[in-house]
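Report on the structure given below.
Number of protein chains: 2
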Amino acid sequence: MTAYDTRAANGAGESATLAAFASEFDLDAVPADIVARTEDLFVDWVGSALAGKGVAPVETIAAFAKSMGPADGPCETLIDRGRTSPLFAAMVNAASSHVAEQDDVHNASVFHPAAVVFPAALAVAQASGASGKEFLAASIAGYEVGIRVGEFLGRSHYKTFHTTGTAGAFAAAAAAGRLLGLTPAQMNHAFGSAGTQAAGLWEFLRDGADSKPLHTAKAAANGLTAAYLARDGFTGATRILEGAQGLAAGMSSDADPRRLVDRLGSRFAIAETSFKFHASCRHTHPAADALLKAMTEQKLAMADIASVTAFVHQGAIDVLGPVVTPKSVHQAKFSMGTTLGLIAAHGRAGMTEFDEMFDRADVADFRARVTMVLDPEVDGAYPARWIGKVRIVTREGRTVDARVDEPKGDPGNTLSRDEIEAKVIGLARFSNAADPAEMTKLMPRLWAIGELNRLGPLLAAG
Amino acid sequence: MTAYDTRAANGAGESATLAAFASEFDLDAVPADIVARTEDLFVDWVGSALAGKGVAPVETIAAFAKSMGPADGPCETLIDRGRTSPLFAAMVNAASSHVAEQDDVHNASVFHPAAVVFPAALAVAQASGASGKEFLAASIAGYEVGIRVGEFLGRSHYKTFHTTGTAGAFAAAAAAGRLLGLTPAQMNHAFGSAGTQAAGLWEFLRDGADSKPLHTAKAAANGLTAAYLARDGFTGATRILEGAQGLAAGMSSDADPRRLVDRLGSRFAIAETSFKFHASCRHTHPAADALLKAMTEQKLAMADIASVTAFVHQGAIDVLGPVVTPKSVHQAKFSMGTTLGLIAAHGRAGMTEFDEMFDRADVADFRARVTMVLDPEVDGAYPARWIGKVRIVTREGRTVDARVDEPKGDPGNTLSRDEIEAKVIGLARFSNAADPAEMTKLMPRLWAIGELNRLGPLLAAG
Numbered sequence: 014m015t016a017y018d019t020r021a022a023n024g025a026g027e028s029a030t031l032a033a034f035a036s037e038f039d040l041d042a043v044p045a046d047i048v049a050r051t052e053d054l055f056v057d058w059v060g061s062a063l064a065g066k067g068v069a070p071v072e073t074i075a076a077f078a079k080s081m082g083p084a085d086g087p088c089e090t091l092i093d094r095g096r097t098s099p100l101f102a103a104m105v106n107a108a109s110s111h112v113a114e115q116d117d118v119h120n121a122s123v124f125h126p127a128a129v130v131f132p133a134a135l136a137v138a139q140a141s142g143a144s145g146k147e148f149l150a151a152s153i154a155g156y157e158v159g160i161r162v163g164e165f166l167g168r169s170h171y172k173t174f175h176t177t178g179t180a181g182a183f184a185a186a187a188a189a190g191r192l193l194g195l196t197p198a199q200m201n202h203a204f205g206s207a208g209t210q211a212a213g214l215w216e217f218l219r220d221g222a223d224s225k226p227l228h229t230a231k232a233a234a235n236g237l238t239a240a241y242l243a244r245d246g247f248t249g250a251t252r253i254l255e256g257a258q259g260l261a262a263g264m265s266s267d268a269d270p271r272r273l274v275d276r277l278g279s280r281f282a283i284a285e286t287s288f289k290f291h292a293s294c295r296h297t298h299p300a301a302d303a304l305l306k307a308m309t310e311q312k313l314a315m316a317d318i319a320s321v322t323a324f325v326h327q328g329a330i331d332v333l334g335p336v337v338t339p340k341s342v343h344q345a346k347f348s349m350g351t352t353l354g355l356i357a358a359h360g361r362a363g364m365t366e367f368d369e370m371f372d373r374a375d376v377a378d379f380r381a382r383v384t385m386v387l388d389p390e391v392d393g394a395y396p397a398r399w400i401g402k403v404r405i406v407t408r409e410g411r412t413v414d415a416r417v418d419e420p421k422g423d424p425g426n427t428l429s430r431d432e433i434e435a436k437v438i439g440l441a442r443f444s445n446a447a448d449p450a451e452m453t454k455l456m457p458r459l460w461a462i463g464e465l466n467r468l469g470p471l472l473a474a475g
Numbered sequence: 014m015t016a017y018d019t020r021a022a023n024g025a026g027e028s029a030t031l032a033a034f035a036s037e038f039d040l041d042a043v044p045a046d047i048v049a050r051t052e053d054l055f056v057d058w059v060g061s062a063l064a065g066k067g068v069a070p071v072e073t074i075a076a077f078a079k080s081m082g083p084a085d086g087p088c089e090t091l092i093d094r095g096r097t098s099p100l101f102a103a104m105v106n107a108a109s110s111h112v113a114e115q116d117d118v119h120n121a122s123v124f125h126p127a128a129v130v131f132p133a134a135l136a137v138a139q140a141s142g143a144s145g146k147e148f149l150a151a152s153i154a155g156y157e158v159g160i161r162v163g164e165f166l167g168r169s170h171y172k173t174f175h176t177t178g179t180a181g182a183f184a185a186a187a188a189a190g191r192l193l194g195l196t197p198a199q200m201n202h203a204f205g206s207a208g209t210q211a212a213g214l215w216e217f218l219r220d221g222a223d224s225k226p227l228h229t230a231k232a233a234a235n236g237l238t239a240a241y242l243a244r245d246g247f248t249g250a251t252r253i254l255e256g257a258q259g260l261a262a263g264m265s266s267d268a269d270p271r272r273l274v275d276r277l278g279s280r281f282a283i284a285e286t287s288f289k290f291h292a293s294c295r296h297t298h299p300a301a302d303a304l305l306k307a308m309t310e311q312k313l314a315m316a317d318i319a320s321v322t323a324f325v326h327q328g329a330i331d332v333l334g335p336v337v338t339p340k341s342v343h344q345a346k347f348s349m350g351t352t353l354g355l356i357a358a359h360g361r362a363g364m365t366e367f368d369e370m371f372d373r374a375d376v377a378d379f380r381a382r383v384t385m386v387l388d389p390e391v392d393g394a395y396p397a398r399w400i401g402k403v404r405i406v407t408r409e410g411r412t413v414d415a416r417v418d419e420p421k422g423d424p425g426n427t428l429s430r431d432e433i434e435a436k437v438i439g440l441a442r443f444s445n446a447a448d449p450a451e452m453t454k455l456m457p458r459l460w461a462i463g464e465l466n467r468l469g470p471l472l473a474a475g
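Chains A and B, in that order, are what the protein sequence lines are. The numbering used here puts the first residue of the first sequence at 14, with every later residue one more than the last. The numbering used here puts the first residue of the second sequence at 14, with every later residue one more than the last.
The structure is reproduced here in structure tokens:
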């Protein structure tokens with residue numbers, strides 16, 4: 014039992030216990046690999062934040078922020094290198110982070126932490142002149158809180174609510190509150206104010222409406238608001254998560270308060286977070302990884318391959334099966350054949366590859382030679398494990414089988430720093446937020462964020 | 014059937030039908046008494062907005078708005094006569110409107126419309142240079158939408174959620190969207206964005222925490238945000254209220270979509286809204302009104318009265334019974350004896366009376382001569398009707414009975430314009446937001462708001 018297990022066992026509310034952890038934990042006691050992982054997730058997030066540039070709903074939110082906010086300020090909006098107050102920087106950066114679908118995800122909580130945690134943490138750190146270490150500690154606080162709130166709210170919540178919107182407000186409050194130096198009691202007041210603003214409904218999916226980036230924008234902004242208010246003495250409900258008229262009472266039927274305080278201080282849930290590698294539907298990722306592995310190991314070129322069979326779970330067939338001849342970049346991301354074609358042609362299926370070559374002749378030709386087959390082993394393991402299995406038949410008539418047991422980006426098959434850099438540079442180039450030369454030069458500064466005495470703007474030109 | 018009944022019956026979604034009404038209805042077709050009622054509610058609201066000045070949670074929200082927002086702008090924050098952007102003006106004015114508990118209420122929806130509608134409408138009207146007529150039309154749109162959303166969400170919703178927070182976001186979106194000239198489709202997108210931000214949990218009551226003004230602040234600000242985003246092309250769910258993953262699916266178990274479109278264009282629910290007259294707990298109001306009636310009709314002075322028996326419903330005994338000797342102004346508002354003592358001493362039980370004389374010797378003495386008795390008729394009629402019945406025994410030994418069938422402020426016993434003025438002037442004086450001379454001078458301008466060609470600041474000094 015950690016000190017927090019003991020505290021909870023002794024009758025402190027779970028909200029209060031989680032708040033105390035977020036306020037008090039000592040970064041020096043956090044294992045070095047967790048801190049390094051936080052740096053990885055931060056650099057990966059910069060790519061997602063830049064990727065939102067030029068996307069209509071994000072630009073609409075950014076224009077709203079500009080019209081309602083101050084003309085200048087200590088904080089940075091990444092897509093346009095603008096300066097504003099913490100509230101609007103958090104709002105705009107969170108909107109842009111969640112629109113390219115390249116931001117990280119925690120599987121068990123079905124929660125996208127980076128899109129809400131880093132925008133809030135960066136804004137408050139830039140406003141308060143925090144050190145890089147304080148920024149990393151705040152980010153860890155945000156992940157640990159948000160993931161546990163998502164796990165607590167459970168599957169019943171996720172049926173109707175976008176957990177990244179609801180749990181995200183707590184994650185942002187924790188990150189912002191940590192940087193503002195909130196006491197445990199103040200942090201719990203911030204949770205109370207965050208929870209009583211928590212929102213985000215899935216109904217928009219039915220219309221393909223623009224709500225998704227609004228959810229992250231408001232989660233980050235509302236959590237940040239809650240933290241500043243708490244710093245200035247504003248009180249909130251002390252059992253906002255587990256109370257009789259709290260968040261779970263209103264929005265969940267299977268909430269388990271023990272998940273809120275699960276191994277606080279010994280389990281770092283941030284390490285369970287997955288990176289998104291390919292820019293396609295997640296159901297294509299296991300087969301894409303297996304194909305890439307086979308081609309690399311067997312030194313196969315695109316022209317060597319006569320056909321590919323992808324052995325998949327039923328969900329992949331349900332979602333990807335209808336897409337035979339994709340008509341748009343977005344639809345191509347739901348085409349197994351296109352994704353594997355891009356892997357075969359380029360070794361990558363990123364934003365740029367989809368945008369530039371999803372319907373190129375060689376990719377379209379390859380697409381027609383890909384088949385999906387339901388596989389009992391793969392289907393049985395899903396969704397706990399996403400196994401990738403492919404069978405290649407070469408032009409020479411040779412059969413090559415390959416498998417990966419965890420898709421690229423999951424904790425057991427994580428991205429290297431080189432791969433994260435390549436992803437981030439590609440996303441920035443794709444959206445025209447920054448060219449590769451600038452991003453390449455920026456990278457050492459991003460990796461070394463933990464060493465800064467005082468956080469300034471990330472991108473050079475103000 | 015109105016045109017909107019027909020539209021709904023023909024398969025348009027209820028959200029879309031309600032949005033079309035808010036966008037399209039013709040102010041010239043609204044009965045004159047409804048427009049006059051809207052003016053009454055507006056002037057009454059100014060009092061509540063000014064009453065929040067100096068209250069800690071309101072001032073904390075105002076300071077946050079100042080630190081995050083622009084240094085100037087076209088919109089007015091009433092408590093400090095500051096200027097800012099529409100977002101922050103709506104936020105601060107809505108926070109201040111709901112903290113003195115003097116703002117209006119719609120009984121059937123358990124929704125406080127003024128606190129969320131007028132702040133959003135005033136901010137957008139001042140920013141856009143709207144006319145007074147457009148402002149009144151927008152306010153009516155806000156009331157009609159918010160009340161119907163509150164009725165739709167029902168009692169199951171109100172058990173956990175503060176309807177003024179959740180329905181309030183729609184009310185503010187309707188008011189703001191009407192002033193921004195949203196088309197019916199855009200208005201429904203605004204509803205989608207408002208609903209996916211809608212929040213507000215009762216859990217704070219358990220701690221007596223500061224969330225209540227935060228709920229109105231965020232409802233007004235979020236609704237306004239949704240309207241501006243919709244104007245700029247941002248889309249939202251088209252069935253956010255009734256959809257399978259919409260607001261009712263997530264937050265209600267007794268929602269009835271027919272309530273959303275109930276007699277749109279023929280029933281003006283704004284006319285069903287009650288004014289709050291006395292500054293005490295609502296459970297004291299019926300008896301206070303009956304006492305005042307008896308004293309006026311019988312020309313009784315405080316010194317003439319030996320004892321008062323208040324015949325009440327059980328809820329009044331439950332809530333007021335424990336308060337024997339109030340120790341604070343706030344607690345005195347839950348004391349039947351104190352409330353009746355102030356009525357007897359001063360003919361009023363307003364903010365100033367409570368603040369200045371709740372424990373004065375003559376009031377405390379009167380308090381000890383007040384008894385509550387459960388009355389079968391009063392209890393049976395509650396909560397549909399709040400009957401006031403008192404029996405006075407005079408020093409001379411005479412018995413005087415009095416009753417009122419609707420408490421002062423309810424639609425059947427509404428406030429005169431003189432009474433509204435006195436209330437507003439009293440609230441402004443109480444909070445030191447404006448002195449009686451200034452308020453008296455201001456009154457004709459407030460009553461004539463519908464005649465303005467272009468809305469400017471309400472209070473003279475900028």
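Don't be surprised by glycine CBs; every beta carbon is placed ideally from N, CA and C. Keep in mind it's a predicted model, so treat the numbers as computed, not measured.
Exercise for the section: Check the Cβ-Cβ distances between residue 31 of chain A and every residue of chain B, and say whether any is below 8 Å. Expected result: So no, residue 31 of chain A is outside the interface.
Problem - Residue environment, residue 333 of chain A, which counts as buried when at least 16 other CB atoms sit within 10 Å - result: With 16 or more other Cβ atoms inside 10 Å of its own Cβ, residue 333 of chain A counts as buried.
Practice task
With 8 Å as the threshold, decide whether the Cβ of residue 352 of chain B is near any Cβ in chain A.
Solution key: It does not: the Cβ of residue 352 of chain B has no partner Cβ on chain A nearer than 8 Å.
Handout entry: Cut-off 7 Å between Cβ atoms - residues of its own chain near residue 87 of chain A, not counting five sequence neighbours on either side
Key = Excluding its 5 nearest sequence neighbours in each direction, residue 87 of chain A has C-beta neighbours in its own chain below 7 Å: 139, 140, listed in chain order.
Practice task
Closer than 7 Å by C-beta to residue 475 of chain A: which residues in its own chain qualify, once you throw out the five before and the five after it? Chain order, please.
Solution key: Confidence is the limiting factor: at residue 475 of chain A the pLDDT is only 41, short of 50, which leaves the residue's position unreliable, though a coordinate-based value still follows. Counting only Cβ-Cβ distances below 7 Å, and skipping sequence neighbours, we find 94, 96.
Exercise for the section: Anything in chain B within Cβ reach of residue 242 of chain A, meaning under 9 Å, just list it in chain order. Expected result: Think of a sphere of 9 Å around the beta carbon of residue 242 of chain A: the chain B residues whose beta carbon falls inside it are 70, 73, 74, 77, 223, 227, in chain order.
Handout entry: chain A contacts made by the segment 77-103 of chain B, where a contact means CB separation under 8 Å
Key = Those residues of the segment 77-103 of chain B that come within reach of chain A (Cβ to Cβ, closer than 8 Å) are 77, 80, 81, 82, 83, 84, 98, 99, 100, 101.
Exercise for the section: Anything in chain A within Cβ reach of residue 200 of chain B, meaning under 7 Å, just list it in chain order. Expected result: Those do not exist, as residue 200 of chain B stays about 14 Å from chain A at its closest Cβ, beyond 7 Å.
Practice task
Please decide whether residue 215 of chain B counts as near chain A, where near means a Cβ-Cβ distance under 8 Å.
Solution key: So yes, residue 215 of chain B belongs to the interface.
Exercise for the section: Answer yes or no: does any C-beta atom of chain B fall closer than 8 Å to that of residue 252 of chain A? Expected result: At least one chain B Cβ lies under 8 Å of residue 252 of chain A.
Handout entry: Nearest residue (CA-CA) to residue 214 of chain B, options B/171, B/439, B/447, B/188
Key = Of B/171, B/439, B/447, B/188, the residue nearest in Cα terms is B/171.
Problem - Interface residues of chain A facing residue 212 of chain B [CB-CB closer than 8 Å] - result: Near residue 212 of chain B (Cβ distances below 8 Å), the residues of chain A are 209, 210, 211, 212.
Problem - chain B within 8 Å of residue 408 of chain A, Cβ atoms only - result: Closer than 8 Å: no.
Exercise for the section: Examine chain A for any beta-carbon lying closer than 8 Å to the beta-carbon of residue 375 of chain B, and answer yes or no. Expected result: At a cut-off of 8 Å between C-beta atoms, residue 375 of chain B does not count as an interface residue with respect to chain A.
Exercise for the section: Determine the chain B residues that contact residue 258 of chain A at a beta-carbon separation under 9 Å, and present them in chain order. Expected result: Within 9 Å Cβ-Cβ: 172, 173, 174, 214, 215, 216, 217, 218, 219.
Problem - Min CB distance residue 248 of chain B to chain A below 8 Å - result: Closer than 8 Å to some Cβ of chain A, the Cβ of residue 248 of chain B qualifies, so yes.
Practice task
Keeping to the same chain, check which residues put their C-beta closer than 6 Å to that of residue 294 of chain B; ignore five residues upstream and five downstream.
Solution key: Around residue 294 of chain B: 346, 347.
Handout entry: Backbone secondary structure at residue 119 of chain A - three-state DSSP
Key = In the three-state scheme derived from DSSP, where H, G and I count as helix and E and B as strand, residue 119 of chain A is classed as strand.
Exercise for the section: Per DSSP, which residues does residue 323 of chain B bridge with? Please list them. Expected result: Answer is B/385, B/403, bridged to residue 323 of chain B.
Problem - CB contact below 8 Å: residue 312 of chain B versus chain A - result: Residue 312 of chain B does not count as touching chain A.
Handout entry: Chain-ordered neighbours of residue 262 of chain A on chain B, where CB pairs are closer than 7 Å
Key = Ordered by position in chain B, the residues that pass the 7 Å Cβ test against residue 262 of chain A are 173.
Handout entry: Contacting residues, own chain, Cβ-Cβ under 7 Å from residue 265 of chain A (five flanking each side not counted)
Key = Taken in chain order, the residues that qualify are 166, 167, 169, 170.
Exercise for the section: Let me know if residue 71 of chain B comes out buried or exposed under the rule of 16 or more other beta-carbons within 10 Å of its beta-carbon. Expected result: Its Cβ being crowded by 16 or more others within 10 Å, residue 71 of chain B is buried.
Exercise for the section: Measure from the alpha carbon of residue 477 of chain A to the alpha carbon of each residue in A/386, A/349, A/369, then state which is nearest. Expected result: This structure gives no information on residue 477 of chain A, because the portion of chain A shown stretches from 14 to 475.
Practice task
Using three-state DSSP, classify residue 214 of chain A as helix, strand or coil.
Solution key: Of the three classes helix, strand and coil, the one that applies to residue 214 of chain A here is strand, per DSSP.
Problem - Presumed contact (8 Å Cβ cut-off) between residue 116 of chain B and residue 152 of chain B, rounded CB distance - result: So it is not a contact: roughly 14 Å between Cβ atoms.
Handout entry: Option nearest residue 476 of chain A by Cα separation, candidates A/228, A/145, A/195
Key = Since the first residue of chain A shown is 14 and the last is 475, residue 476 of chain A is not available in this structure.
Practice task
Find out if the Cβ-Cβ distance for the pair residue 321 of chain A, residue 31 of chain A is shorter than 8 Å.
Solution key: Taking 8 Å as the Cβ cut-off, residue 321 of chain A and residue 31 of chain A do not qualify as a contacting pair.
Problem - Endpoints, the alpha helix (DSSP H) within which residue 154 of chain B is located - result: Per DSSP, residue 154 of chain B is one residue of the alpha helix (DSSP H) stretching across 145-173.
Exercise for the section: Output, in chain order, the set of chain A residues within a Cβ distance shorter than 9 Å of residue 269 of chain B. Expected result: Within chain A, not a single residue places a beta-carbon under 9 Å from that of residue 269 of chain B; the smallest gap is close to 18 Å.
Handout entry: Those residues which DSSP pairs with residue 124 of chain B across a bridge
Key = In the DSSP output, where bridge partners are listed per residue, residue 124 of chain B has B/119.
Exercise for the section: With DSSP as the reference, label residue 129 of chain A as helix, strand or coil. Expected result: Looking at residue 129 of chain A - three-state DSSP - the assignment turns out to be helix.
Problem - Ordered list of beta strand (DSSP E) runs contained in the segment 292-366 of chain A, each at least 3 residues - result: Complete beta strand (DSSP E) runs here, min 3: 318-325.
Handout entry: Cut-off 7 Å between Cβ atoms - residues of its own chain near residue 319 of chain A, not counting five sequence neighbours on either side
Key = Apart from sequence neighbours up to five positions away, the residues of its chain that approach residue 319 of chain A with a beta-carbon distance below 7 Å are 382, 406, 407, 408, ordered along the chain.
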